[in-house]
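Just below is one structure, and these are the notes that go with it.
Number of protein chains: 4
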Amino acid sequence: MPLTPEQEAEIAAQRREARPTLRPVAEGMERHLYTAHEVLDHGFVRVIDYMGDDGAIVQAARVSYGKGTKSVSNDEGLIRYLMRHRHTTPFEMCEVKLHVKLPIFVARQWIRHRTANVNEYSARYSILDREFYIPAPEALARQSTTNNQGREEPLGPEEAARVLEILRADAARTYDHYEEMTGKIGLARELARMNLPTNIYTQWYWKIDLHNLLHFLELRADPHAQMEIRAYAETIGRIVADWVPMTWRAFLDYRAGAVTLSRQAIDCLRRMLRGEQVTQEESGMSAREWREFMEVWGEN
Amino acid sequence: MPLTPEQEAEIAAQRREARPTLRPVAEGMERHLYTAHEVLDHGFVRVIDYMGDDGAIVQAARVSYGKGTKSVSNDEGLIRYLMRHRHTTPFEMCEVKLHVKLPIFVARQWIRHRTANVNEYSARYSILDREFYIPAPEALARQSTTNNQGREEPLGPEEAARVLEILRADAARTYDHYEEMTGKIGLARELARMNLPTNIYTQWYWKIDLHNLLHFLELRADPHAQMEIRAYAETIGRIVADWVPMTWRAFLDYRAGAVTLSRQAIDCLRRMLRGEQVTQEESGMSAREWREFMEVWGEN
Amino acid sequence: MPLTPEQEAEIAAQRREARPTLRPVAEGMERHLYTAHEVLDHGFVRVIDYMGDDGAIVQAARVSYGKGTKSVSNDEGLIRYLMRHRHTTPFEMCEVKLHVKLPIFVARQWIRHRTANVNEYSARYSILDREFYIPAPEALARQSTTNNQGREEPLGPEEAARVLEILRADAARTYDHYEEMTGKIGLARELARMNLPTNIYTQWYWKIDLHNLLHFLELRADPHAQMEIRAYAETIGRIVADWVPMTWRAFLDYRAGAVTLSRQAIDCLRRMLRGEQVTQEESGMSAREWREFMEVWGEN
Amino acid sequence: MPLTPEQEAEIAAQRREARPTLRPVAEGMERHLYTAHEVLDHGFVRVIDYMGDDGAIVQAARVSYGKGTKSVSNDEGLIRYLMRHRHTTPFEMCEVKLHVKLPIFVARQWIRHRTANVNEYSARYSILDREFYIPAPEALARQSTTNNQGREEPLGPEEAARVLEILRADAARTYDHYEEMTGKIGLARELARMNLPTNIYTQWYWKIDLHNLLHFLELRADPHAQMEIRAYAETIGRIVADWVPMTWRAFLDYRAGAVTLSRQAIDCLRRMLRGEQVTQEESGMSAREWREFMEVWGEN
């Protein structure tokens with residue numbers, strides 16, 4: 016349960032004071048403002064602010080294309096056209112600011128997305144709280160033997176118990192040591208923090224435009240992403256669906272749910288459509304590519 | 016007069032529909048929303064949307080520094096501290112979206128600022144209007160003989176009249192040709208546009224965070240900037256002053272109105288404070304540096 | 016013919032002085048260094064410097080994936096894997112610096128690619144040369160009636176002649192006026208330039224990493240790109256093919272020659288593979304999407 | 016001692032094979048190529064590749080300013096002019112690629128500089144080595160009581176011994192657990208790594224242009240930066256001094272060794288030059304600003 020009573024009260028207060036604005040208002044997003052969506056055991060995602068809605072994307076596109084967009088009959092059709100043809104700049108006209116609480120090892124993956132603004136809690140200035148990510152037992156998966164970055168089925172109960180014992184004991188001990196070093200010893204905070212493991216929680220404000228956010232979601236809500244960052248991406252995805260519903264539907268159809276075919280794959284599919292049998296040997300694909308290709312097209 | 020009656024009516028309509036929001040509202044900015052601020056002879060700047068206010072900067076800084084910011088007594092003090100020490104990320108937490116109409120040669124300087132989102136009117140899709148920037152006679156300045164990129168005093172009346180005659184005639188003729196080529200000849204628009212001079216007006220939506228906007232204003236509202244882009248920067252500066260007044264005051268004190276001293280200049284000033292006479296020869300500065308230094312410090 | 020005898024001599028001199036280096040050397044790129052590849056009537060592309068080769072991409076990937084990359088048997092296989100799975104950061108480890116001479120209307124499209132470093136010739140400081148892009152008659156295409164940004168067949172000979180007459184006369188007249196204004200009138204250069212049309216040539220140094228360059232080429236060598244910028248993209252593409260041949264082959268297979276299928280298109284193709292007839296009405300696609308889909312898949 | 020005999024042999028081999036190139040060669044940088052400069056107890060910085068030299072900056076500036084730069088008599092004068100007036104784009108024309116081994120808590124500060132290309136060793140794919148940063152006893156500084164992010168004098172010997180005991184024991188224990196979890200238990204590597212503290216070493220390839228590198232060095236070689244990242248910045252600074260010596264001298268004079276004066280500080284200094292006594296009360300500065308101002312100017 017990530018929120019203290021004080022935080023709950025603060026959120027309630029923020030949600031009470033509606034004020035008039037002349038700006039575009041996305042009703043679906045107003046419902047999310049400030050509310051903490053819980054992620055993992057102590058993390059959360061909160062919308063702090065947003066700019067624009069589906070209409071803002073349409074408006075920006077109409078500035079770009081001028082009278083040329085008159086032929087597109089409606090807003091959703093235009094948004095789908097933009098998404099399909101990767102006309103990305105109108106989607107950059109929306110912006111969102113999130114407050115995220117997350118383990119450091121997740122933050123390290125997240126920060127690779129460079130086109131965003133970040134203000135992270137500084138452990139040089141202040142003390143980190145005693146909050147560590149301890150996975151649920153069913154999330155303790157075995158290393159994949161075929162995929163270097165993959166997980167397979169969960170560990171057995173005894174192995175899982177042993178891992179949890181390690182994680183809990185090391186978290187407790189290193190935090191006790193952190194308190195000792197920053198407390199009675201008086202070591203500089205910027206040094207004492209180095210002994211904390213990367214499953215301790217940090218938090219940040221993260222601000223990004225919608226185009227780059229969709230790119231983030233495409234990569235991080237993907238089944239190949241690590242489960243822990245995927246949990247955040249899926250939560251954010253549900254928020255985006257309420258914020259810009261037309262854009263979200265187009266994203267699912269043309270990006271998240273899409274498949275890219277190589278020149279070789281196009282050729283194979285064409286032959287298959289003509290009724291030919293195609294084998295990996297004559298496909299021009301590697302064994303791995305062929306396996307991925309057949310996963311999508313082989314079952315027909 | 017850049018606005019048509021239709022545009023005036025559209026702006027009035029946009030300004031009529033206030034709706035409730037839970038987001039932070041900057042009253043000073045609400046007054047600007049959608050209103051066209053005229054710049055040059057046919058240009059304008061309009062605020063289309065904004066995110067955040069002075070409070071949002073403070074809030075982001077407090078997330079970063081945690082309890083460490085408690086010692087700063089008030090919001091304005093914290094903003095001044097951030098500006099002075101170039102802690103720039105909290106200022107990235109505010110964002111603004113502008114609609115700008117501007118001549119192409121100004122747009123070409125403007126676009127060098129890469130950290131922004133842009134949707135420009137496309138002359139591949141649509142026809143440009145017959146609107147050209149024709150400078151006021153007093154803006155027709157002579158080339159500086161000492162500064163390669165500078166202007167000096169205005170031309171004499173006959174020279175100015177000749178320049179205006181050239182600009183008006185060429186604008187009219189090339190636009191007539193543009194209409195002929197895109198009209199009865201039927202040449203592709205993407206080709207016909209190449210014959211138009213760079214004082215024709217274009218327009219775009221331009222979205223940028225406050226930190227990068229201040230950097231833009233520092234460079235483009237500077238006396239060394241070309242007068243035409245400076246006119247836009249000064250207009251935007253007045254809007255920013257209403258949007259985030261604490262930040263604007265700090266910007267004037269620590270950035271726009273500040274001076275950077277080189278190692279040599281620091282040394283010279285120290286000697287001058289001790290009552291020594293310093294000459295260029297022993298200053299370690301070039302003749303040009305020395306001249307710039309004496310412009311600031313020599314009159315005392 | 017874009018090069019003066021002085022420029023030819025300068026290039027010959029630059030190409031004479033080979034010096035030893037410990038850095039990776041791409042033999043295919045050394046052959047291009049400094050040589051001007053002519054584009055359009057007065058433009059060119061010259062390689063000024065480069066960093067890295069196919070091997071540098073492999074090396075960076077092996078740092079990232081550590082022993083995890085040992086399973087990929089060879090360099091080309093690894094590069095193809097990275098390209099296929101959009102692991103883009105290793106491609107950012109190569110960099111190229113080009114000297115490009117190009118018309119201003121092409122430069123305006125080009126500069127939208129923000130992730131690059133640019134130093135453009137400044138018409139505030141210096142005088143532009145009397146060089147304008149005048150299309151070949153067969154490039155003078157008619158505006159498409161179905162595609163707002165498209166061209167169709169060439170104009171007839173009389174229409175083409177009229178367009179060339181306009182372009183040549185306006186170029187000559189505006190340049191004469193430019194000389195008059197910057198010459199005997201003494202108008203500031205930063206003002207006089209505004210009267211020049213956008214088919215005048217400018218030049219710049221442009222530096223970009225390989226990942227972003229491939230993205231640029233994907234968009235600008237595409238048949239939907241304007242023919243004039245495509246001419247530059249195709250020239251650069253031939254240079255890249257010599258620089259990083261493995262990467263270039265992977266790019267052709269997985270990016271430039273690839274097709275992305277939406278969820279609806281995947282579903283239709285699956286049904287077609289099972290022998291079903293699919294119509295637009297039941298495809299879930301718009302008329303336009305269906306037409307594009309059938310262009311690729313309908314001929315089988 | 017960060018390098019294994021295998022690594023030493025690999026570096027020696029890389030340094031043996033000089034090959035001819037037509038590109039600019041920076042002799043001062045060739046001497047550094049591949050050599051590991053040791054930083055902290057197990058870290059290093061190695062130059063893997065570079066593009067350009069002082070001459071490349073001058074060349075790019077001359078393309079920009081055309082004949083306008085002829086008046087600047089020599090290369091160093093031009094570089095100093097560019098640095099003084101913050102004409103930053105010519106410095107973006109040089110690029111460097113480094114191989115860096117560094118503790119994770121340093122990497123987390125470093126990565127905030129977003130304008131760079133990064134390939135980091137992935138602990139999802141591969142196993143991290145048993146190497147932790149354990150500070151030298153004299154680096155174990157006490158938390159500053161006046162500066163939230165500062166250090167003061169070193170701890171006493173007993174306190175230091177206790178801190179080192181904690182750091183060593185926790186490093187050993189958490190690494191033993193890491194081996195147990197990834198080894199006989201078979202937990203996915205992406206999960207097992209979360210238990211490791213942030214003083215474990217990681218490594219990456221880091222590529223950045225010279226302008227952004229100088230900005231990094233200005234912030235991270237500053238006395239306010241944490242000592243551990245400063246050690247890297249100082250090492251890189253010495254390399255840059257050999258690579259682009261003219262640029263480095265200009266950087267020291269106009270950036271690293273410079274001071275920026277606010278409007279209030281300019282006013283105070285002017286009054287002091289006229290012989291007036293100025294007090295904090297009438298200075299317009301806060302107590303903290305005044306203290307910083309007097310540190311620089313008060314001793315005269």
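Residue numbers (our numbering), protein chains in the order written: chain A, 16 to 315; chain B, 16 to 315; chain C, 16 to 315; chain D, 16 to 315.
In this text, a Cβ means the ideal position worked out from N, Cα and C, and glycines have one as well.
| What in chain C is Cβ-close to R204(B), meaning under 7 Å? | The residue you call residue 204(B) lines up with position 189 of the second sequence. Result: Q158.
| message | Could you compute how far the alpha carbon of A28(B) sits from the alpha carbon of S79(A)? | response | As a first step, residue 28(B) must be located in the second sequence, where it is residue number 13. As a first step, residue 79(A) must be located in the first sequence, where it is residue number 64. Their backbone Cα atoms lie some 22 Å apart in a straight line.
| task | Determine, using beta carbons only, whether W219(C) comes closer than 8 Å to chain G. | result | Absent here is chain G; the protein component of the structure consists of chains A, B, C and D.
| said: Determine whether the beta carbon atoms of M108(A) and A75(A) lie at a separation below 8 Å. | reply: As a position in the first sequence, residue 108(A) is number 93, starting the count at 1. As a position in the first sequence, residue 75(A) is number 60, starting the count at 1. In contact: M108(A) and A75(A) (Cβ atoms closer than 8 Å).
| task | With 8 Å as the threshold, decide whether the Cβ of Q164(D) is near any Cβ in chain A. | result | Sequence index remark: in the fourth sequence, residue 164(D) carries index 149 (1-based). It does: the Cβ of Q164(D) has a partner Cβ on chain A nearer than 8 Å.
| field | Cross-chain neighbours of S301(A) in chain C, by beta carbon under 8 Å | value | Stepping through the first sequence from its first residue, residue 301(A) is reached at position 286. Residues of chain C passing the Cβ test: G92 and R95.
| field | Per-residue contacts from Y148(C) into chain B (C-beta, under 8 Å) | value | As a position in the third sequence, residue 148(C) is number 133, starting the count at 1. M209, listed in chain order.
| request: In angstroms with no decimal places, state the Cα-to-Cα distance between S301(B) and Q295(B). | output: Along the second sequence, one-based indexing puts residue 301(B) at 286. Along the second sequence, one-based indexing puts residue 295(B) at 280. Distance between the alpha carbons of S301(B) and Q295(B): 8 Å.
| task | Per DSSP, which residues does V62(C) bridge with? Please list them. | result | Walking along the third sequence from the start, residue 62(C) turns up at place 47. According to DSSP, V62(C) bridges with L48(C) and L113(C).
| To which residues does DSSP link V274(B) through a beta bridge? | To locate residue 274(B), count along the second sequence from 1; it is residue 259. Answer is L276(D), bridged to V274(B).
| task | Taking I254(A) as the reference, give the member of V40(A), H47(A), A273(A) and Y140(A) with the closest Cα. | result | Against the first sequence, residue 254(A) aligns to sequence position 239. Measuring from the Cα of I254(A), the nearest candidate turns out to be H47(A).
| field | Neighbouring residues, chain C, relative to P35(D) (Cβ below 9 Å) | value | Position 20 of the fourth sequence, counted from the first residue, corresponds to residue 35(D). Neighbourhood of P35(D) in chain C, by CB distance below 9 Å: A33, R34, P35, T36, V40 and E45, in chain order.
| query | Is the CB of D224(D) under 8 Å away from at least one CB in chain A? | reply | If you number the fourth sequence from 1, residue 224(D) lands on position 209. By this cut-off, D224(D) is not an interface position.
| request: For T19(B), name the three-state secondary structure that DSSP assigns. | output: Here residue 19(B) refers to the residue found at position 4 of the second sequence. T19(B) falls in the coil class under three-state DSSP.
| request: Verify whether the separation of the beta carbon atoms of Q158(D) and L202(A) is less than 8 Å. | output: Residue mapping note: residue 158(D) aligns to position 143 of the fourth sequence, counting from 1. Residue mapping note: residue 202(A) aligns to position 187 of the first sequence, counting from 1. The answer is yes: Cβ separation under 8 Å.
| field | Among M98(A), R129(A), V115(A) and E174(A), nearest to T275(C) - alpha-carbon criterion | value | For the purposes of this step, residue 275(C) is identified with residue 260 of the third sequence, where counting begins at 1. Nearest option by C-alpha distance: M98(A).
| query | Given N132(C), which residues of its chain have a CB within under 6 Å of its CB, disregarding the five upstream and five downstream residues? | reply | Here the question's residue 132(C) lines up with position 117 in the third sequence. Around N132(C): K222.
| message | Helix, strand or coil for E205(B)? Go by DSSP, reduced to three states. | response | Within the second sequence, the letter at position 190 stands for residue 205(B). Note: E205(B) maps to helix in three-state DSSP.
| query | Excluding the five sequence neighbours on either side, which residues of its own chain have a C-beta within less than 7 Å of the C-beta of R183(B), listed in chain order? | reply | By 1-based counting over the second sequence, the position of residue 183(B) is 168. Counting only Cβ-Cβ distances below 7 Å, and skipping sequence neighbours, we find I149.
| query | Within this structure, are the beta carbons of H57(D) and Y216(D) separated by less than 8 Å? | reply | Working through the fourth sequence from its first residue, we reach residue 57(D) at position 42. Working through the fourth sequence from its first residue, we reach residue 216(D) at position 201. Yes. Within cutoff.
| Where K222(D) sits in the DSSP three-state scheme | Counting from one through the fourth sequence, the residue named residue 222(D) turns up at place 207. In this structure, K222(D) counts as strand in the three-state DSSP scheme.
| task | Have a look at R61(A) and Y220(B) and give me their C-alpha separation to the nearest angstrom. | result | Here residue 61(A) is taken as the residue at index 46 of the first sequence, counted from 1. Here residue 220(B) is taken as the residue at index 205 of the second sequence, counted from 1. Distance from the CA of R61(A) to the CA of Y220(B), rounded to the nearest whole angstrom, comes to 28 Å.
| query | So what does DSSP say about E173(B), is it helix, strand or coil? | reply | The residue given as residue 173(B) occupies position 158 in the second sequence. DSSP places E173(B) in helix when its eight states are reduced to three.
| Under a CB-based cut-off of 8 Å, is L232(C) close to chain A? | Counted from its first residue, the third sequence places residue 232(C) at position 217. No, because no Cβ of chain A sits closer than 8 Å to the Cβ of L232(C).
| request: State the start and end residues of the unbroken beta strand (DSSP E) segment that holds P35(A). | output: To locate residue 35(A), count along the first sequence from 1; it is residue 20. Taken as a continuous stretch (DSSP letters only), the beta strand (DSSP E) holding P35(A) covers R34 to T36.
| task | Identify each residue in the region 258–279 of chain D for which the Cβ-Cβ distance to at least one residue of chain B is less than 8 Å, and report them in chain order. | result | Cβ contacts with chain B come from L267, D268, Y269, G272, A273, V274, T275, L276, S277, R278 and Q279.
| query | Mind checking if Q22(A) is an interface residue toward chain B, Cβ cutoff 8 Å exclusive? | reply | The count along the first sequence starts at 1 and reaches residue 22(A) at position 7. For Q22(A), the answer is no, since every Cβ of chain B falls outside 8 Å of its Cβ.
| Element boundaries [beta strand (DSSP E), containing V133(D)] | Here residue 133(D) is taken as the residue at index 118 of the fourth sequence, counted from 1. That run of the beta strand (DSSP E) goes N132 to E135.
| field | Contact residues within the region 51–81 of chain A, judged by C-beta distance below 8 Å to chain D | value | Listed by position, the residues of the region 51–81 of chain A near chain D (Cβ gap below 8 Å) amount to none.
| field | Y247(D) versus A236(D), P169(D) and H230(D), residue with shortest Cα-Cα distance | value | Taking the first residue of the fourth sequence as 1, we reach residue 247(D) at position 232. The shortest Cα separation from Y247(D) among A236(D), P169(D) and H230(D) belongs to A236(D).
| What's the C-alpha gap between D224(C) and E110(C)? | Counted from its first residue, the third sequence places residue 224(C) at position 209. Counted from its first residue, the third sequence places residue 110(C) at position 95. Their Cα atoms are separated by approximately 4 Å.
| message | Can you tell me whether F308(A) is buried or exposed? The criterion is at least 16 other CB atoms within 10 Å of its CB, across all chains shown. | response | Numbered from 1 along the first sequence, position 293 holds the residue referred to as residue 308(A). Classification for F308(A): buried.
| At what residues does the beta strand (DSSP E) containing A156(C) begin and finish? | For the purposes of this step, residue 156(C) is identified with residue 141 of the third sequence, where counting begins at 1. Start and end: A156 to Q158.
| request: Tell me, please, which residues DSSP counts as bridged to V54(B). | output: The residue labelled residue 54(B) in the question sits at position 39 within the second sequence. Within the DSSP bridge table, the entry for V54(B) names G58(B) as partners.
| Reduced DSSP category for P118(C) - H, G, I as helix; E, B as strand; rest coil | As a first step, residue 118(C) must be located in the third sequence, where it is residue number 103. Residue state for P118(C) is assigned as strand, using DSSP reduced to three classes.
| T262(B) by DSSP, collapsed to three states: which one? | For the purposes of this step, residue 262(B) is identified with residue 247 of the second sequence, where counting begins at 1. Helix at T262(B).
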